[in-house]
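A quick write-up on the structure given underneath.
There are 2 protein chains.
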Amino acid sequence: MTHSLSIQPQRLADALLALGRIGSYLDEGSGLWGVSRLALTAADGEGRHHVIAKMQALGLQITTDRIGNVYARRRGREDSLAPVMMGSHIDSVPTAGRFDGCLGVLGALEIIETLDAAQHWTRRPIVVAFFTEEEGARFGTDMLGSAVATGRIPIEEAYALHDRAGLTVAEELRQLGFLGEAEEHLPPPHAYLECHIEQGPVLRRRGFDVGVVTGVQAISWHEVTIVGRSAHAGTTPMELRADASVAASRINLYLRELATSGRFGPQQRATMGAMSPTPGLVNIVPGRMVVTVDLRNPDDAQMRAAEAAVIAFYAQVATEEGVQISWRQTARTSCVPFDGGIQAAIAAAASRRGLSQLSMVSGAGHDAQEWARVTRAAMVFVPGEYDGISHNPREFSTVEQCANGVNVMLDVLLELAEES
Amino acid sequence: MTHSLSIQPQRLADALLALGRIGSYLDEGSGLWGVSRLALTAADGEGRHHVIAKMQALGLQITTDRIGNVYARRRGREDSLAPVMMGSHIDSVPTAGRFDGCLGVLGALEIIETLDAAQHWTRRPIVVAFFTEEEGARFGTDMLGSAVATGRIPIEEAYALHDRAGLTVAEELRQLGFLGEAEEHLPPPHAYLECHIEQGPVLRRRGFDVGVVTGVQAISWHEVTIVGRSAHAGTTPMELRADASVAASRINLYLRELATSGRFGPQQRATMGAMSPTPGLVNIVPGRMVVTVDLRNPDDAQMRAAEAAVIAFYAQVATEEGVQISWRQTARTSCVPFDGGIQAAIAAAASRRGLSQLSMVSGAGHDAQEWARVTRAAMVFVPGEYDGISHNPREFSTVEQCANGVNVMLDVLLELAEES
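Going line by line, the protein sequences match chains A and B. Numbering-wise (numbering that gives the first Met the number 0), the first sequence opens with residue 0 and increments by one. Numbering-wise (numbering that gives the first Met the number 0), the second sequence opens with residue 0 and increments by one.
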């Protein structure tokens, strides 16, 4: 049985700690050590060399492609077959913890070390990969490396992206020594697996050990500008106001009603994350307000219906409040379903290990959604403490939580790697 | 009859233009010239010397008191009687027009010039005054000069106030040459009159020529801090959120409901002028939000009831949304009623001149509210174009609108100045 092999949990935890020291900083608010490894910075370069050294120590064959993605290959018994790929990212947002992305990469290497120790050779080769600029926190486009590798984004377009200082991806790859020579478009792997922290509260709150990810939900972002009339808070009667903040508040409460009503399915989410009134003074009725709307739904048709409802409500509020409301789409992605067969294999593997599992959609974007376009792909989620807080130094999953997810990935990898 | 005298409208308009050139700046957004004469700056000093030169040209007896208030006295037929005072201010906010305050001061001087031309001598002496730092825009306390003169604020407390650069009122008075020697507490004048722009839309929208101000309403400001939980907008189910922005939006809509319900009288006003979410990003549920609440009511008992209702609603929202809500009082003043007899005189004078008038409460604070503590006081309001926009370069009242208000003040002055 495949589950006769298990990883060494503490070795994985130690590996996460070691990588987490690179680009670390002391968060003064919490007293915790955070991680800041923006893509293609010196800290990211140090992290890359650290992980590559581990790959080399495991005897893997390392390739860097033209967008800086790094692939480490372990030979298979039938080495000409397409490999099973495990991947994620090691770049971070500026205020990160040490698990986001790193768990998938270091977990995959822990699996390799476990297979080596057992002298277990799979039929198909195995590739462990980390991808450039998954976060989008430096150059503005997330999943950049995997999107280039799988053909969604042309490499010349990726090269031209620049950070706030005007430095381009191409320049920074060259500067850091990660402008590889390998063609960025690979023959599709046999399958793609990714283990990742959930980055949300569901698994931990509901007491599940692992999440079987059914796909990545659709995302729609609006920037909404409301223009009313600035007015003196003391002298302007309520009935003569055109208060942009009242219009914004009505939209915000409508978003929650929309998401909780069930009209757009049980998993509609809606958030007003930014609210910026002008002039923003205690005694002035705001004449202008810019707010953001974030809609998520795991069903494309429901998402389209929710978007239409929100847009209709903008018009209704504009009429009722005597304000002008304009909006622009700042992001829009469709749903990405993951492979049903691999989901079933993940669920079965978890059951064999006595782990409780929950099928759930991913609220965040991941490299796996890019690979799902070119091969069978799936993800295993690991619970996070503190309501699954992420992109924050408090981000934390226990040794056992991490090991559970990686062991399930190990089991599924071994199945996939034996397929003909 | 007293209304056989009338001011020269164009002379008043020219005087407003001339004073408005001092401390002027080009507002790039509107292309209009604005006024920036923060109290006790060089621009304010230039404005003071400009107005004092006009007072001297009219042969008035000029006194500067220890807080920099300037009084210009015209003798009466019975010169030992208490004077009738007309006053306002010439300091401004940093983004002002040329009417706020200046209309009251220059209008009073126009009245003096009109009386001089008619060789009309009143029984009582007349005093025209301008007061230091009415706006509170530099040293943080509004109505400062008149509050010191009428005893609400001790002069040593006023002297110690400082601006953001740490410069104190005492130092800046001395530096500017306006640390006068006159005792700041005067014997109460017989009455106090002030003509001021409305700074709101009511008179213009409803088509009234002048406002008879019944008093200054009570003001209560809260700074409200809402603490929920920051969370990923994509991964956090709606039912597991503690969204500070939703709590803030509910409070904002409650404020409007409270003000329009009639439960706290017909003139309750409520405004959320500032809303500041943390972290304020499109894809993060705000974990913290600081908002401001501005309540106004012309009735003290209704104001207390409205405050209690708002505070109870904070607690209700905190419970219902699973957030913590704390608040602090950042300003609180009670209602100041103006003298009923002078209000009747204003209304009668307007009627004699064929002007339509509306009795209305002042939404903003004015020097007159300080003088109301020590003598009979009242105000005449003048309509403003563009919805009465104020504290803005667009602030504008027509020559006729200004002249109407000042002529009514002239008529009432002549009545009061003949009283025994």
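Backbone N, C-alpha and C fix where the C-beta goes; we use that ideal spot for every residue, glycine too.
Exercise. Taking Cβ-Cβ distances shorter than 7 Å, what residues in chain B pair up with A:THR291?
Worked result: At a beta-carbon threshold of 7 Å, the residues of chain B lying near A:THR291 are VAL281, ordered along the chain.
For this session: Would you verify that the beta carbon of B:SER79 is, or is not, closer than 9 Å to some beta carbon of chain A?
Result: With 9 Å as the cut-off, B:SER79 does not count as an interface residue toward chain A.
For this session: Please classify A:TYR385: is it buried, with 16 or more other beta-carbons within 10 angstroms of its beta-carbon, or exposed?
Result: A:TYR385 should be labelled exposed.
For this session: Could you name the residues that DSSP lists as bridge partners for B:GLN328?
Result: Residue pairing from DSSP places B:GLN328 in a beta bridge opposite B:HIS221.
Exercise. Does the Cβ-Cβ distance between A:ALA81 and A:LEU4 come in under 9 Å?
Worked result: No Cβ-Cβ contact shorter than 9 Å links A:ALA81 with A:LEU4.
Exercise. Counting only beta-carbon atoms, is A:THR149 nearer than 9 Å to chain B?
Worked result: Among the CB atoms of chain B, none fall inside 9 Å of the CB of A:THR149.
Exercise. On the three-pair Cβ rule with 8 Å, is the stretch 41–61 of chain B touching the stretch 148–155 of chain B?
Worked result: Contact fails: fewer than three Cβ-Cβ distances are below 8 Å.
Problem set entry | A:PHE380: first and last residue of the uninterrupted beta strand (DSSP E) it sits in | Counting along the chain, the beta strand (DSSP E) containing A:PHE380 begins and ends at 375–381.
Problem set entry | DSSP bridge partner residues for B:ILE196 (one or two, in chain order) | BP columns for B:ILE196 point to B:VAL381.
For this session: Output the boundary residues of the beta strand (DSSP E) element that contains A:ASN296.
Result: Counting along the chain, the beta strand (DSSP E) containing A:ASN296 begins and ends at 287–296.
Exercise. Does DSSP put B:ILE89 in a helix, in a strand, or in coil?
Worked result: Residue state, collapsed to three classes: coil.
Problem set entry | A:ASN403 to A:ALA346 span [Cα, whole Å] | Those two C-alpha atoms are separated by around 12 Å.
Problem set entry | Cutoff 9 Å: A:ARG204 Cβ touching any chain B Cβ | Chain B, which has a Cβ nearer than 9 Å to the Cβ of A:ARG204, makes this yes.
For this session: Let me know if A:SER358 comes out buried or exposed under the rule of 16 or more other beta-carbons within 10 Å of its beta-carbon.
Result: By the Cβ neighbour-count rule, A:SER358 is exposed, with fewer than 16 other Cβ atoms within 10 Å of its own.
Exercise. Contact check, B:VAL83 vs B:LEU412 under 8 Å by CB: the rounded distance?
Worked result: With a contact defined as Cβ atoms closer than 8 Å, B:VAL83 and B:LEU412 qualify at about 6 Å.
For this session: Compute every distance between the C-beta of B:GLY214 and the non-hydrogen atoms of the ligand ZN, then say whether any falls below 8 Å.
Result: In the structure shown, the ligand ZN is absent, as is every other ligand, since no ligand is present at all.
Exercise. Taking Cβ-Cβ distances shorter than 7 Å, what residues in chain B pair up with A:GLY244?
Worked result: Going by the sequence as given, residue 244 of chain A is Ser instead of Gly. When 7 Å is used as the limit between beta carbons, A:SER244 is near these residues of chain B: ASN251, MET271 and MET274, in chain order.
Problem set entry | Members of the stretch 183–216 of chain B near chain A, C-beta cut-off 8 Å | Under the 8 Å Cβ criterion, the stretch 183–216 of chain B contributes GLU197, GLN198, GLY199, PRO200, VAL201, ARG204 and GLN216.
For this session: Could you please give the first and the last residue of the uninterrupted beta strand (DSSP E) stretch that includes B:LEU108?
Result: Run containing B:LEU108: none in the beta strand (DSSP E); it sits in the alpha helix (DSSP H), 101–116.
For this session: Could you have a look at B:PRO186 and say whether DSSP puts it in helix, strand or coil?
Result: It is coil, neither helix nor strand.
For this session: Kindly list, in the order they appear in chain A, the residues whose Cβ is closer than 7 Å to that of B:SER389.
Result: Neighbourhood of B:SER389 in chain A, by CB distance below 7 Å: HIS231, in chain order.
For this session: Please compile the residues from chain A whose C-beta is within a distance smaller than 7 Å of the C-beta of B:ARG393.
Result: Going along chain A, no residue has its Cβ under 7 Å from B:ARG393, so there is no contact; the nearest lies around 10 Å.
Exercise. What separation, rounded to the nearest whole angstrom, lies between the Cα atoms of A:GLY210 and A:GLU133?
Worked result: So the two alpha carbons sit approximately 21 Å from each other.
Exercise. Does DSSP put B:THR422 in a helix, a strand or coil?
Worked result: With chain B represented from 0 up to 419, any question about residue 422 of chain B goes unanswered, as that position is not in the structure.
Exercise. Three or more C-beta pairs closer than 8 Å, one from the stretch 243–258 of chain B and one from the stretch 331–345 of chain B: is that the case here?
Worked result: No: the two stretches stay apart, fewer than three of their Cβ pairs being nearer than 8 Å.
For this session: Spatial neighbours of B:GLU77 within its chain, please: CB distance less than 8 Å, with the 5 preceding and 5 following residues excluded, ordered by chain position.
Result: Counting only Cβ-Cβ distances below 8 Å, and skipping sequence neighbours, we find ARG122 and ARG123.
Exercise. In chain B, which residues lie with their C-beta within 8 Å of the C-beta of A:ALA258?
Worked result: In chain order: MET237.
For this session: Helix, strand or coil for B:MET274, going by three-state DSSP, please let me know.
Result: Strand.
For this session: Anything in the stretch 55–75 of chain A with a Cβ closer than 9 Å to a Cβ of chain B? List those residues in chain order, please.
Result: Listed in sequence order: no entries.
Exercise. Nearest CA to the CA of B:THR332: which residue from B:CYS194, B:GLY362 and B:ALA308?
Worked result: Measuring from the Cα of B:THR332, the nearest candidate turns out to be B:GLY362.
For this session: Inspect the beta-carbon positions of A:ASP425 and A:ARG372 and report whether they are closer than 9 Å.
Result: Since the displayed chain A opens at 0 and closes at 419, residue 425 of chain A lies outside it and no answer follows.
For this session: Could you say which of B:GLN174, B:VAL309, B:LEU31 and B:ASP99 lies nearest to B:SER271 if we only look at CA atoms?
Result: According to the sequence shown, residue 271 of chain B is Met rather than Ser. Proximity to B:MET271 across B:GLN174, B:VAL309, B:LEU31 and B:ASP99 peaks at B:VAL309, based on C-alpha coordinates.
Exercise. Which residue or residues does DSSP assign as beta-bridge partners of B:SER23?
Worked result: Looking at the DSSP assignment, B:SER23 forms a beta bridge with B:VAL34.
Exercise. How would you call B:ILE61, buried or exposed, if buried means at least 16 neighbouring beta carbons within 10 angstroms?
Worked result: By the Cβ-count criterion, B:ILE61 is exposed, with fewer than 16 other Cβ atoms from all chains shown falling within 10 Å of its own Cβ.
Exercise. What is the rounded straight-line gap between the Cα of B:HIS2 and the Cα of B:LEU102?
Worked result: With a pLDDT of 49 at B:HIS2, under the threshold of 50, the predicted position of this residue should be treated as unreliable, and no value is reported.
Exercise. Can you find a C-beta in chain A that's less than 9 Å from the C-beta of B:ALA346?
Worked result: At a cut-off of 9 Å, the C-beta of B:ALA346 has no neighbouring C-beta in chain A.
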